[in-house]
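Heads up: the protein sequence lines correspond to chains F and E, in order. The first sequence begins at 16 in the numbering used here and counts up by one. The second sequence begins at 205 in the numbering used here and counts up by one.
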Amino acid sequence: MLNAVSLSPEAWKAIVLTVELAGLTTVLLLLLATPLAWWLAHTASRWRAPVVALVTLPLVLPPTVLGFYLLVLMGPQGPVGQLTQAMGWGTLTFTFSGLLIGSMIFSLPFAVQPLQHAFESIGPRPMEVAATLGARPVDAFFTVALPMASGGLATAGILTFAHTVGEFGLVLMLGGNIEGKTRVVSTQIYGHVEAMEYAQAHGLAALMVFFSFVVLLALALLKRRPVRLLP
Amino acid sequence: MKRIVSALLALAAGAALQAAEVSVAVAANFAAPMREIAQAFERDTGHKAVVAVGSTGKLYAQIKQGAPFEVLLSADAQTPARLEAEGLGVAGSRWTYATGHLVLWSPQPGLVDAQGAVLRSGQFKRLAMADPKLAPYGAAAFQTLQHLGLQQTLEGKLVQGDSIAQTYQFVATGNAELGFLALSQLLVEGRLRAGSVWQVPAHMHAPLRQDALLLVKGRQQPAALALMAYLRSEPARSIIMRHGYSL
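Listed below in C-alpha cells is the structure:
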C-alpha cells in the first residue's frame with residue numbers, strides 16, 4: 016500500500032515544504048500563544064471574553080472564509096497588503112511567509128486552548144508559594160508554571176503541527192500552487208485527484224493517514240494518566 | 205366509475221411525465237448559463253433539471269463511483285470520451301454543446317492591450333492561470349504561453365488557481381494583476397466587466413470544446429433525453445452564445 020520509493024521528486028518537495036511550514040508555524044505560534052494563554056488564564060479584564068471568542072474564531076470558520084478574507088486583506092488593496100508594501104516587502108499572498116501567517120491564524124485555537132487549560136488547572140497556589148520563596152514572577156513562570164504545564168505545551172505543539180499539515184482550503188486560496196513554495200502535501204493530493212492521477216494520490220494520501228494516526232496515538236499516550244490499582 | 209379511474213390514471217401518468225426530473229452534472233464554468241437553460245427547459249418541456257456543479261475532474265470521480273447523474277456537461281472533450289470508453293456513457297451520445305474562449309484580463313484599465321503585448325513587456329508581478337493539469341482553460345493558457353515562447357520567461361510570475369473560478373478570484377482581488385480566464389466569466393448580462401482584456405486568438409491553443417454526454421443512468425429517462433435534445437434548441441443556443449461561448 017505504502018511504497019515510499021514510489022513517491023516522485025515532486026511529492027518529496029511537497030513533503031519537505033509541509034514539514035517546514037508546520038514546524039515553523041508550531042514554533043512561532045507557541046511563542047505567541049504561551050503569553051496569550053497565560054493572560055487568558057489569569058485576567059479578570061472585560062476584554063477576556065471578546066479575546067476568547069476571537070481566538071476561537073478560526074475553529075468554527077470554514078477555511079474558505081478565512082482564506083478569502085486573508086486574500087483580500089493581504090492583497091495590494093487590503094490594509095495588510097498596503098502595510099507590507101509600504102515596508103518594502105511586497106504582498107504576502109502566494110509566498111511562504113503568507114502561508115505561514117495564514118497557518119498561524121488557522122491553528123491559533125489549537126495552540127492557545129490546551130495551554131490555557133493547563134495554566135488554569137495549575138491554580139494560583141504554586142505561583143504564590145514561589146513568590147513567598149522569593150521568586151520573581153518571571154522566574155516563577157519559567158521554573159514553576161511552565162514545567163507544570165508541559166503536558167499542555169506538548170499537546171498544543173502536536174495539535175498545531177498536525178493541524179497545519181492537514182490544512183487545505185486556506186493554502187489552496189492563498190498559495191497559488193507554486194512548487195517548492197506553496198504546494199504542500201494536501202494541495203498536491205487534491206491536484207492528483209482532480210487530474211485523475213489516482214495512483215500518485217494514493218501514495219501521498221496513505222502517508223497522510225498514517226501520519227495523522229501516529230500523531231493522534233502520541234496524543235492519546237501523552238494524555239494517559241498512570242493507572243493506580245487499588246490493593 | 206371505470207372511466208373516472210382510467211381518466212385519473214391517465215392524469216397521474218401525465219403528471220408523472222410532466223414532473224420528470226433529470227440530474228445533470230455541470231462543469232463549473234457553465235454553471236451560470238445552465239441555470240438559465242434549466243429555467244427555460246422547465247418552462248418549455250415541463251421537465252425539471254436538477255443541477256450539480258463541480259470541476260470536471262471531481263464530477264468524473266463521482267460518476268465513476270456511481271453518482272446518480274444522467275447527463276454530463278463537461279468542461280472538456282476528453283472526460284466524456286473517457287467515460288464513454290469506460291462504458292459509463294451512452295455510445296454515440298457525445299457532442300460539443302459549447303466552445304469556450306480564452307481571454308487575458310485585468311481589472312486595471314489599460315494594463316492589458318488588444319494584442320496581448322503586455323505579456324512580453326513583463327510589466328506585472330503576478331500572472332494568474334488555472335492549473336493546466338486540472339482545468340481546460342489552464343491548459344489553453346499554458347499552450348498560449350508556449351505558442352508565444354514565454355512560458356520560461358514568465359514561470360517565476362505564474363500563480364495557479366485550482367479552477368478558473370479561483371483564478372478569477374486571484375485577479376479580481378488584485379493579488380495577481382492579470383490572468384487567463386474564460387470569456388464567459390467576464391460577461392455580466394452580456395456585457396464585459398470593467399478593466400482591460402485581450403481575446404486570445406483561437407489558433408494559439410487547442411479549441412476549448414466542451415462536450416455533453418448522456419450517461420448510462422439516463423439512457424431510459426425521458427427527461428434526460430429531452431435535455432440532451434433541448435441543448436440543441438434555439439432558446440438554449442441563444443443562452444449559450446450570450447454567455448460568451450460559440451457553438
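In this text, a Cβ means the ideal position worked out from N, Cα and C, and glycines have one as well.
Thinking residue i and residue j are a contact (beta carbons under 8 Å), I'd like their distance in whole angstroms, please.
{"i": "P336(E)", "j": "L417(E)", "result": "Rounded, the Cβ-Cβ distance is 23 Å, inconsistent with contact."}
{"i": "L466(E)", "j": "L390(E)", "result": "Past the boundaries of the shown model lies residue 466(E); chain E is included only from 205 to 451, so the question cannot be answered."}
{"i": "L362(E)", "j": "V375(E)", "result": "Actually they are not in contact, since the Cβ atoms of L362(E) and V375(E) sit about 13 Å apart, beyond 8 Å."}
{"i": "A253(E)", "j": "V294(E)", "result": "Wrong, their Cβ atoms sit about 18 Å apart, outside the cutoff."}
{"i": "L39(F)", "j": "L123(F)", "result": "Not a contact, Cβ separation roughly 15 Å."}
{"i": "D415(E)", "j": "S278(E)", "result": "5 Å"}
{"i": "A56(F)", "j": "Q131(F)", "result": "5 Å"}
{"i": "A169(F)", "j": "L237(F)", "result": "6 Å"}
{"i": "T202(F)", "j": "L187(F)", "result": "6 Å"}
{"i": "L47(F)", "j": "S118(F)", "result": "The Cβ separation is near 12 Å, so there is no contact."}
Going by DSSP, what residue range makes up the beta strand (DSSP E) through residue i?
{"i": "Q370(E)", "result": "Q370(E) -> not in any beta strand (DSSP E); alpha helix (DSSP H) instead, spanning 368–376."}
{"i": "G383(E)", "result": "382–386"}
{"i": "V255(E)", "result": "252–258"}
{"i": "E225(E)", "result": "225–231"}
{"i": "Q414(E)", "result": "412–418"}
{"i": "Q327(E)", "result": "First-last for Q327(E): undefined, no H or E at that position."}
{"i": "W402(E)", "result": "400–403"}
{"i": "V275(E)", "result": "275–277"}
Can you pull the chain F neighbours of residue i, defined as C-beta to C-beta under 8 Å?
{"i": "T348(E)", "result": "In chain order: nothing, as chain F lies at least about 18 Å away."}
{"i": "Q373(E)", "result": "F83, L86, M188"}
{"i": "D415(E)", "result": "Correct list: empty, because the minimum Cβ distance to chain F is about 16 Å."}
{"i": "A265(E)", "result": "V208, M211"}
Can you pull the chain E residues whose beta carbon is under 7 Å from the beta carbon of residue i, in chain order?
{"i": "P139(F)", "result": "Those do not exist, as P139(F) stays about 48 Å from chain E at its closest Cβ, beyond 7 Å."}
{"i": "T41(F)", "result": "None at all; the shortest Cβ gap to chain E is about 26 Å."}
{"i": "T106(F)", "result": "N379"}
{"i": "I193(F)", "result": "V363"}
Using a cut-off of 9 Å between C-beta atoms, extract the partners of residue i located in chain F.
{"i": "S259(E)", "result": "E209"}
{"i": "V322(E)", "result": "Residues of chain F passing the Cβ test: none, with the nearest at roughly 17 Å."}
{"i": "K262(E)", "result": "V208, E209"}
{"i": "R330(E)", "result": "T106, T108, F109, G191"}
What span of residues does the alpha helix (DSSP H) with residue i cover, start to end?
{"i": "K361(E)", "result": "From DSSP, K361(E) is part of no alpha helix (DSSP H); its letter is neither H nor E."}
{"i": "T300(E)", "result": "Looking at the DSSP string, T300(E) is not in any alpha helix (DSSP H); the run it does join, the beta strand (DSSP E), is 299–304."}
{"i": "Q97(F)", "result": "94–101"}
{"i": "K28(F)", "result": "24–57"}
{"i": "F134(F)", "result": "111–137"}
{"i": "F225(F)", "result": "213–238"}
Would residue i and residue j be called neighbours here (beta carbons separated by less than 8 Å)?
{"i": "Y449(E)", "j": "A343(E)", "result": "no"}
{"i": "L331(E)", "j": "L396(E)", "result": "no"}
{"i": "A164(F)", "j": "F134(F)", "result": "yes"}
{"i": "A29(F)", "j": "V199(F)", "result": "yes"}
{"i": "G105(F)", "j": "M89(F)", "result": "no"}
{"i": "A232(E)", "j": "S325(E)", "result": "no"}
{"i": "T108(F)", "j": "L189(F)", "result": "yes"}
{"i": "V230(E)", "j": "A265(E)", "result": "no"}
{"i": "I120(F)", "j": "P77(F)", "result": "no"}
{"i": "G365(E)", "j": "A334(E)", "result": "yes"}
{"i": "L338(E)", "j": "A210(F)", "result": "yes"}
{"i": "G320(E)", "j": "S388(E)", "result": "no"}
Which chain E residues are close to residue i, counting only those with a beta carbon under 8 Å from its beta carbon?
{"i": "Q92(F)", "result": "T377, G378"}
Determine the chain F residues that contact residue i at a beta-carbon separation under 7 Å, and present them in chain order.
{"i": "A427(E)", "result": "In chain order: nothing, as chain F lies at least about 29 Å away."}
{"i": "A338(E)", "result": "This sequence places Leu at residue 338(E); Ala is not what is there. Under the 7 Å cutoff, chain F gives G206, E209, A210."}
{"i": "R397(E)", "result": "Those within 7 Å of R397(E) in chain F number zero; the least Cβ separation is about 17 Å."}
{"i": "D335(E)", "result": "N192, G206"}
message: By the 8 Å beta-carbon criterion, what residues does the segment 232–247 of chain E contribute toward chain F?
response: Across the segment 232–247 of chain E, no CB contact with chain F closer than 8 Å is found for any residue.
- prompt: If you measure beta-carbon to beta-carbon, which residues of the segment 351–367 of chain E are closer than 8 Å to chain F?
  reply: For the segment 351–367 of chain E, the set of positions with a beta-carbon nearer than 8 Å to some beta-carbon of chain F reads L362, V363, Q364, G365, D366 in chain order.
Near-chain E residues of the segment 70–100 of chain F (beta-carbon distance less than 9 Å), N- to C-terminal order: For the segment 70–100 of chain F, residues whose beta-carbon sits nearer than 9 Å to a beta-carbon of chain E comprise F83, L86, V87, M89, G90, P91, Q92, G93, G96.
query: Going along the segment 107–127 of chain F in order, which residues come within less than 9 Å of chain E, judged by CB to CB distance?
result: Residues T108, F109.
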